[in-house]
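Numbering (UniProt numbering), first residue to last: 1 to 463.
Beta carbons are placed, not taken as given, at the ideal position from N, Cα and C, and that holds for glycine.
A quick write-up on the structure given underneath.
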Amino acid sequence: MTIWTPQLPASGVRYRALADAIGDAIASGELDEGMRLPPQRRLADVLHVTVGTVTRAYAEAERRGLVEARVGSGTYVRGRQTTATFRQVAGQADAACVDLSLSLPPPHPDRPRGLGEALESIRHDPSALVQAVDYQPEQGMFRHRDTLARWMTGLGLPVESEELMVTQGGQHGISLALQALAQPGERVAASALTYPGLIAAAQQLYLKPLRVPLDEAGMNIEALARLCAQQAPRLVYVTPDLNNPTGACLSEERRQALVALARQHDFWIVEDGVQYLPAKERGTPLYRLAPERTLYLFSTSKIIAGGLRIGMLRMPPSIVERLGALQRAQSWMVPPLMAEVVCRWIESGAAERLLDWQLGEVAARQALAQRYLASYGVRGRSHGFHLWLPLPHGVRAAALIQQLEQRQVRVTSAEPFCVGSEPAPQAIRLCVSAAANRDALTRALDTLVSLLQAPPTSPWRTL
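Written as structure tokens, this is what we have:
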């Protein structure tokens, strides 16, 4: 049987050359994601190098995030592709389809109308127009940071303008945080099921995600402690108030334990608060418990408008300079016009009115979905955008999703959220907020329940 056999240069460090060849083969498509690399001894024989050289090369490739070693199974190509959730764009959805696969705020006419009003206001403000076309500080204009800090404080997330960096949305904030805190090959810990954007960013930066078990009380801190003793993650990424996708909320006891563990093992905390919940449904922010080692991510995407791409990164003083250098290297600054639009939305009171409506609408949709799915053990928060539905015994997520797609309903399986190589649970995530209206959500729920009630002998359940 033919095995992958790279051509190595005649001179140079052999193990590094082999690791480089693995990377080149992945980039060219010669080695596909999930492909098993040749056994070390066999490849050593073919290349006329020692087994130790191949072992070091595979370890170097794993350090770069190119491959992963599975105990008792071999070494497999990891690849750098983004997840299925990230490949799909909201605008690509079929108009006839009820798309519950994306975490989007419920549609409201005030969003496009509010954008028009903000732009009209800016058009009549000469100083704002001058600032919008000029270079601004990488941290963001002080006026913008001051408005955003006061807005966050009013939402129960107290911050100072000096602590904030304006980012191009929450995803950009994640990338900045990872680049500032970790080097290629280092480890980042996250819940076993977590936001796909974290996984994608870690892959792109050649970081190695580590899987931490979670339950209804959030990340298992005892398991994290064992992981820290064995693998020393550089940082821990956590969504303490609303895990995406399970909806789990980190208990106060575990928040305190996480902070104590971070100080004991000297790792950073990246706290993601983009999935907004009202203050009464949130726990104590981790950045308030450990301000010296916590970066907090927030965004206007789930409240005002995702297309404007304005996020906020709360940062300790010790890392401000490093993050500023990264911002300059990547894009110099966030476009000031977009930040000005968001700030005018906030200052006019339109953002507060929109949020009040949205909280009521999401709560109504959650209640509607709970009435349909309560008997199936669905999990969700009253103001959260999504629900997590573990599937009944014998129902496979892939088969169910296929049947839903055929009936013009789209949901997400567990696969995009999985950290590591463990099998994905048989469950789906439904974003109740994303439906065009409650009637569309009702149609989708009717379709889902009819499939869940199908007899075990149904052809699609026996595949």
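Exposure of residue i, with buried meaning 16 or more beta-carbon neighbours within 10 Å
i      : result
His144 : buried
Thr457 : exposed
Phe385 : buried
Val67  : buried
Ala436 : exposed
Ala229 : exposed
Val130 : exposed
Ser450 : exposed
Pro317 : exposed
Glu120 : exposed
Ala190 : buried
Gly306 : buried
Ala27  : exposed
Trp332 : exposed
Val89  : Residue placement at Val89 is flagged as unreliable, the pLDDT there being 44, under the threshold of 50; the coordinate-derived value follows with that caveat. With fewer than 16 other Cβ atoms within 10 Å, it is exposed.
Pro9   : exposed
Gln453 : exposed
Beta bridge counterpart(s) of residue i as assigned by DSSP
i           : result
Gln413      : For the record, residue 413 in the displayed sequence is Ser; it is not Gln. Looking at the DSSP assignment, Ser413 forms a beta bridge with Ile428.
Lys208      : Arg187
Glu271      : Val238 and Tyr296
Gly29       : Paired residues: none, contrary to the question.
residue 466 : Given that the chain is displayed from residue 1 to residue 463, the structure contains no residue 466 and the question cannot be resolved.
Trp388      : Arg379 and Arg429
Gly218      : Asp215
Cys418      : Leu193
Selection from the options that minimises the alpha carbon distance to residue i
i      : options                           : result
Ala374 : Ala363, Val362, Leu387 and His383 : Leu387
Ala427 : Pro335, Ala149 and Leu193         : Leu193
Val362 : Arg396, Ala225, Ser11 and Lys302  : Lys302
Pro285 : Pro240, Arg309 and His265         : Pro240
Met219 : Lys208, Pro245 and Leu207         : Pro245
Gly156 : Lys208, Tyr287, Phe417 and Ile310 : Tyr287
Ile122 : Ala436, Ala305, Ser348 and Glu271 : Ser348
Glu117 : Ser450, Ala367, Ala351 and Ala444 : Ala351
Gly23  : Val46, Arg64 and Gly52            : Arg64
Thr300 : Ala454, Arg234 and Met152         : Met152
Asp446 : Leu210, Glu415 and Gln408         : Gln408
Glu216 : Val188, Pro209, Glu252 and Glu186 : Glu252
Leu441 : Val411, Arg42 and Ser421          : Val411
Residue-level contact to chain B via CB, residue i, 8 Å cutoff
i      : result
Leu250 : Absent from the structure: chain B. Only one protein chain is present.
Heavy atom of the ligand ADP within 7 Å of residue i beta-carbon
i      : result
Gln139 : The ligand ADP is not part of the structure shown, which contains no ligands of any sort.
Completely contained beta strand (DSSP E) runs for the segment 424-461, where each covers 3 or more residues = 427-431
Touching or not, the segment 395-414 and the segment 72-79, by the rule of three or more beta carbon pairs under 8 Å?
-> no
Is it true that the segment 389-399 meets the segment 424-441, where meeting means three or more beta-carbon pairs spaced less than 8 Å apart?
-> yes
Between the segment 198-210 and the segment 363-382, are three or more C-beta pairs nearer than 8 Å?
-> no
Cβ contact (3+ pairs, closer than 8 Å) linking the segment 327-347 and the segment 164-181 = yes
Quick one: which unbroken beta strand (DSSP E) runs of 3-plus residues sit fully inside the segment 148-179? Chain order, please.
-> 164-167
For the 8 Å Cβ check, are there 3 or more pairs between the segment 254-267 and the segment 205-222?
-> Flag = yes, the segment 254-267 and the segment 205-222 touch.
Please specify which runs of the alpha helix (DSSP H), each continuous and at least 4 residues long, are wholly inside the segment 305-337, giving them in chain order.
-> 320-330
Check whether the segment 127-137 touches the segment 263-283, taking contact to mean three or more Cβ pairs, one atom from each stretch, closer than 8 Å.
-> no
What are the uninterrupted segments assigned as alpha helix (DSSP H) that are 4 or more residues long and contained completely in the UniProt domain "HTH gntR-type" (12-80), given in chain order?
-> Segments of the alpha helix (DSSP H) lying fully in the UniProt domain "HTH gntR-type" (12-80): 14-28, 40-47 and 51-63.
Would you call the segment 2-18 and the segment 44-57 touching, i.e. three or more CB-CB distances under 8 Å?
-> yes
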